[in-house]
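Heads up: the sequence shown runs through residues 7 to 183, numbered per the numbering used here.
Quick notes on the structure that follows.
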Amino acid sequence: MCIRDLKERAKLIKLLIFDVDGVLTDGGIILDGNGDEYKKFDVRDGHGIKLVQGAGIDVALITGRYSKVVEKRAGELGIREVYQRCIDKVPAYEALLAKLGLSAEETAYVGDDVVDIPILRRAGLPVAVADAHEDAKRHALMITKAKGGRGAARECVEFILKAKGVWDDIIDSYRKA
């Protein structure tokens, strides 16, 4: 698909959905001796999420695992729609569309593994991170240059905001501050 067609799809986005492990993180999970879990998130990805929210685009998380760390990070970023323990992610996706009154064409989904394929096949703008599983990449229309947990989310945000024509205004607001 050509970049012009991707931009046309991106203009329609009202909801940006991320998988967590392998997308907002590098996929690594650190467990200490007490069983406490640690994940590393990219701060620029987080800032990108705040930027896209500021532009009026909702953000949601759909992940197969459960983690208190995900709840904490979502809370920090103001992400209210968080679906965990979703091995089958389609029911959560469909619930989000119904709750927010959106069509599939108005959603972007960013994933990295085969479990993400059903939503990648449904979303208006299906995105795979650079280091995604090859089968997931085959179902994405956009593949980021950045790896999961290393700027892929920010890359998606900027692509959508540029397609919508608001990126320059965001940058100008920082220049004037």
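Every residue gets a Cβ at the ideal spot worked out from N, C-alpha and C, and that includes glycine.
Setting aside the 5 residues that flank it on each side, L83 is surrounded in the same chain by G52, I55 and K56, each with a C-beta closer than 7 Å to its C-beta; the list follows chain order. When only Cα atoms are considered, Y115 and V172 end up about 20 Å apart. Taking 4 residues as the shortest admissible run, the region 25 to 97 contains the following complete alpha helix (DSSP H) segments, listed from N- to C-terminal end: 49 to 60 and 74 to 83. A distance of 8 Å or more separates the beta carbons of I85 and I19. Per DSSP, V163 lies in no beta strand (DSSP E); the unbroken alpha helix (DSSP H) holding it starts and ends at A158 to A169. A Cβ-Cβ contact shorter than 8 Å links T113 with A129. About 7 Å separates the CB atoms of L147 and L131; that is less than 8 Å, so the two are in contact. The Cβ neighbour count for I93, taken over all protein chains shown within 10 Å, is under 16; the residue is labelled exposed.
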